[in-house]
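Residue numbering for the sequence shown follows the numbering used here, starting at 474 and increasing by one per position.
For glycine and all other residues, C-beta sits at the position ideal for the given N, C-alpha and C.
Nothing here was measured: the structure is a model prediction, and the numbers come from that model.
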Amino acid sequence: MKTLKFKDFKTKWIMDGSKTATMRLFDDKDLGVGDDLELVNSDNGSVFSRAVITEVINKELADVDDIDLDGHEKWNNKEEMLESLRKYYGDRVDLNTKVKIIKFKLINEN
């Protein structure tokens, strides 16, 4: 089963239903619609829920808009988005970077 890792503070948003999407850059898992996932707390390694991917949007960061980010935390502008993503992916992130926006639905709550 494929996994997606989230920082501890984001797991709360997922479990309360306010976060139903994530952005992944440099995806090496070939994530696609219908994939079953284990959602992992990256701070302690525990599986906190399971989910299924309901939609995948592929585009460059420059083209991401508020509709794409429904169910995802928002940024005030593109520069703020880049700064946030660079914390996870480093300085190689720019507006031409391809992103996979993954929408998911919980299938159980541990």
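Residue state for D500 is assigned as coil, using DSSP reduced to three classes. Short of 6 Å from the beta carbon of T476, and not among the five residues preceding or following it, lie these beta carbons of its own chain, in chain order: E511, V513.
For the set L555, G490, G507, the Cα lying nearest the Cα of L498 is the one of L555.
Just so you know, the alpha carbons of G507 and V572 end up roughly 19 Å apart. With respect to the C-alpha of A535, the residue from D543, E552, E546 having the closest C-alpha is E552.
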